[in-house]
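Numbering (the numbering used here), first residue to last: 1 to 325.
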């Protein structure tokens, strides 16, 4: 069953020359982990927030964003409340910024299901204790304030909060960025266990390609608000078919990599004030030709590689190795 289905989704903000999101197609099935990767500013977080109807002021949208078959973009405020309470939930990047430091964690966990989920105080507290147990925390955490627990514990509380409404879809927006390496590993392992236990789909937003390779079934690579490559995680990372994906991989630190300075992607992403002609990555691409500057490539299947799609005029050249960026 397809839990999340985004088709031809475009999002434009006031006073911008180009869409922030330009024709995004993305799906997540039940029990599937899908990673959405790319540089900061590529549109990853806006894509995930759109799934909950959390749109910037003045945003204009086209296309469809369906969760369990219902289009989020056409929902009423009441329907959006029900979606956020029971069908889809988000784990935010920084738990200390998402949780009110002046309220007990028990209040944070139970508020939504009490106000919008129809649970009484006793039932909500019992549900919160159950979810804390699922993430490996004691019920005594309910009486603590955010400043009384560690960052790793607080992120577990965020995960417990996401599970409170028994969602079909979890959106994890860089959920390990603010944690140390040990806590990161614990949170990633916990998400995998919980996903298998509760049968949820997981959209994992990250700029960490190593992490995406380790946890995901499929990967979408985003650049300048566009999906430029997608496919099964193992195949995509072993043989990237878009120069941007290859450049990202080349710039990722590796213990077995060459010594010296890391590779970098020269140049910068296109500004929202400019409408680039042709391929948005062309000014930074080592394979760019005149065609790339004039004609924007569309996302097409990669021959003889099931499930792989790429938007590049020269994907056959990229497939021979990583770009030297």
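We treat Cβ as the ideally placed atom computed from N, Cα and C, and that holds for glycine. In this text the structure is predicted, and so the values were computed from the model without any measurement.
Secondary structure of residue i, DSSP reduced to three states
{"i": "residue 325", "result": "With a pLDDT of only 34 at residue 325, under 50, the local geometry of the prediction cannot be trusted, and no value is derived from it."}
{"i": "residue 33", "result": "strand"}
{"i": "residue 300", "result": "strand"}
{"i": "residue 137", "result": "coil"}
{"i": "residue 204", "result": "strand"}
{"i": "residue 1", "result": "coil"}
{"i": "residue 241", "result": "coil"}
{"i": "residue 84", "result": "helix"}
{"i": "residue 181", "result": "helix"}
{"i": "residue 70", "result": "strand"}
{"i": "residue 65", "result": "strand"}
{"i": "residue 60", "result": "strand"}
{"i": "residue 128", "result": "helix"}
{"i": "residue 248", "result": "helix"}
{"i": "residue 215", "result": "helix"}
{"i": "residue 113", "result": "helix"}
Assumed close pair residue i, residue j - CB separation to whole angstroms, cut-off 8 Å
{"i": "residue 169", "j": "residue 3", "result": "5 Å"}
{"i": "residue 221", "j": "residue 242", "result": "7 Å"}
{"i": "residue 84", "j": "residue 52", "result": "6 Å"}
{"i": "residue 224", "j": "residue 280", "result": "4 Å"}
{"i": "residue 295", "j": "residue 284", "result": "With 8 Å as the limit, residue 295 and residue 284 do not qualify as a contact, their Cβ atoms being about 17 Å apart."}
Residues that DSSP places opposite residue i in a beta bridge
{"i": "residue 9", "result": "24"}
{"i": "residue 229", "result": "221, 310"}
{"i": "residue 89", "result": "170"}
{"i": "residue 156", "result": "Partner(s): none; residue 156 has no beta bridge."}
Residue from the options with nearest C-alpha to residue i
{"i": "residue 311", "options": "304, 240, 290, 263", "result": "240"}
{"i": "residue 24", "options": "299, 305, 53, 232", "result": "299"}
{"i": "residue 175", "options": "36, 262, 74", "result": "36"}
{"i": "residue 181", "options": "195, 197, 151", "result": "151"}
{"i": "residue 236", "options": "244, 219, 155", "result": "219"}
{"i": "residue 209", "options": "249, 200, 289", "result": "249"}
Segment contact flag, the region 24-43 with the region 149-166, C-beta cutoff 8 Å, min 3 pairs: Counting Cβ pairs under 8 Å, fewer than three are found: no touch.
Review point. Contact between the region 100-115 and the region 124-131: three or more CB pairs below 8 Å?
Key: Verdict: yes, contact present.
Quiz item: Does the count of Cβ pairs from the region 143-153 and the region 90-110 closer than 8 Å reach three?
Solution: They touch, by the three-pair rule.
| Taking one C-beta from the region 4-18 and one from the region 51-68 each time, how about it: are there three or more such pairs within less than 8 Å? | Yes, the region 4-18 is in contact with the region 51-68.
Indicate whether the contact test is met: 3 or more Cβ pairs, each with one atom in the region 303-317 and one in the region 227-241, closer than 8 Å.
The region 303-317, when compared against the region 227-241, does touch it at the 8 Å Cβ threshold.
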